[in-house]
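The structure under discussion appears below in the form of structure tokens.
Chains as they are written, first to last, in my numbering: chain A, 93 to 192; chain B, 16 to 354.
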């Protein structure tokens, strides 16, 4: 192939690394299928799934999926998206015991 | 429920700070993107851009490594804790981070690999390299022409040198001679065998009559006529052991009588040069070139001529002044000796 230059392998490697990091960086709030951790929880009999990502997390319940707004640093205790009432328990402060 | 050990029970500040560490992925992404841009520029400016790209990808690799370590700790701990109350499973993102770290780490190696294996050197046309490596040299066109040109110049110079060498004779180049060695020595005088009398008059002034020479060097050394040079004597006699008294080199002496042939006027150094005389006597010094008296006069008038020849018998047991032919009796020698 005449199009291969000496710099081509290195360029391809850095390009692939860039793509991978882009996918990882914008994973869960945007790409729901790539996540760091998926936890299956049950809230008052409802099973839900929380998937954690780089900039946020997503909560999947039987009645819908809601994701947090993408931000640098997130936590489950605050900054919630509007959630259906059956997930109120998540909104409670951490000190309260939760029936998870 | 007591005993919940969920990440959410961690003080919120800490949770937030931990999730800040996830932003390292974005920083590593920025570094990798810049490195990829430099990698693209490396196709144009190979060495400098490849170095920049490797440099920045090294930084990105370090950041990605920290991000990976954070992810590892954070999510494996969370997974362990959630498993106590539910189920949890790891996702793909952490392994993608690991892969990106390794790629950034070894990008420099890949640049070097490309420089080694993808040949850009110019090749002989119709060459033997063929398709070695991954194909080559779209950019070595000017390099190839230049290399070809230099090679042709070198070949041509070599051919010229060989041709010149073959024209030249073997052996050492001769010394520059103001007095050509085509002369013969008559006793204490040097007679030049000239083609004509006027050729000798020109001899001191001209460097070398080219007609008499078979070949000339451009460098100012001229050779004597073949067969009369000292070199020829040396080479011809090299097989046999030289006679004991060969110093000074045997100058051709032709037995001749008192020949009216003229000899060179104003010969500055001639007999001296041929004999490398020992520095003897002040009588010789300034009058070395007083061979001006014509030989047509009677021999007796030559008495004022200095005599380089009449030396006391030197260590070689040979009388300088006397030629082998015994024709040196042109003038009386004894009164002129100034010992």
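Backbone N, C-alpha and C define an ideal beta-carbon position, used for all residues, glycine too.
Worksheet item: Which chain B residues sit within Cβ distance under 7 Å of residue 119/A?
Response: 108
Discussion item. Could you tell me the alpha carbon to alpha carbon distance between residue 81/B and residue 97/A, rounded to whole angstroms?
Written reply: 33 Å
Worksheet item: Based on Cα-Cα distance, which residue from 57/B, 33/B and 159/B lies nearest to residue 165/A?
Response: 33/B
Discussion item. To the nearest angstrom, how far is the alpha carbon of residue 54/B from that of residue 121/A?
Written reply: Each residue's Cα considered, the two are about 30 Å apart.
Discussion item. Using a Cβ-Cβ cutoff of less than 7 Å, which residues in the same chain neighbour residue 76/B once the five nearest sequence positions on both sides are dropped?
Written reply: 116, 119 and 120
Worksheet item: Would residue 93/B pass as a contact of residue 116/A if the rule is Cβ separation under 7 Å?
Response: No, Cβ-Cβ distance for residue 93/B and residue 116/A is not below 7 Å.
Worksheet item: Are the beta-carbon atoms of residue 125/B and residue 105/A separated by less than 7 Å?
Response: yes
Discussion item. I'd like to check one pair, residue 132/A with residue 73/B: are the Cβ atoms closer than 7 Å?
Written reply: no
Practice prompt. Using three-state DSSP, classify residue 113/A as helix, strand or coil.
Written response: helix
Fill in: Neighbouring residues, chain A, relative to residue 105/B (Cβ below 7 Å)
The answer, in chain order, is 129.
Worksheet item: Among 177/B, 103/B and 165/B, which residue has its Cα nearest to the Cα of residue 139/A?
Response: 103/B
Worksheet entry | residue 159/A, enclosing beta strand (DSSP E) - first and last residue | 156–159 is the span of the beta strand (DSSP E), which, as asked, contains residue 159/A.
Worksheet item: Where does residue 145/B fall in DSSP's three states?
Response: The predicted model places residue 145/B with a pLDDT of 42, which falls under 50 and marks its position as unreliable; any figure quoted below should be read in that light. Coil at residue 145/B, not helix or strand.
Item to complete: For chain B, find out if any of its Cβ atoms is closer than 7 Å to the Cβ of residue 113/A; answer yes or no.
Response: yes
Worksheet item: residue 94/B CB to nearest chain D CB: under 7 Å?
Response: Structure shown: chain D not included; protein chains present are A and B.
Worksheet item: What is the residue span of the alpha helix (DSSP H) that residue 109/B lies within?
Response: 108–120
Discussion item. At the level of alpha carbons, what is the spacing between residue 112/A and residue 114/B?
Written reply: 8 Å
Worksheet item: Can a CB atom of chain B be found closer than 7 Å to the CB of residue 171/A?
Response: Residue confidence is low: residue 171/A scores 33 on pLDDT, short of 50, so the model does not pin down where it sits. Its coordinate-derived value is still stated next. Not closer than 7 Å to any Cβ of chain B, the Cβ of residue 171/A fails to qualify, so no.
Discussion item. Does the CB of residue 149/A have a neighbour CB from chain B at under 7 Å?
Written reply: no
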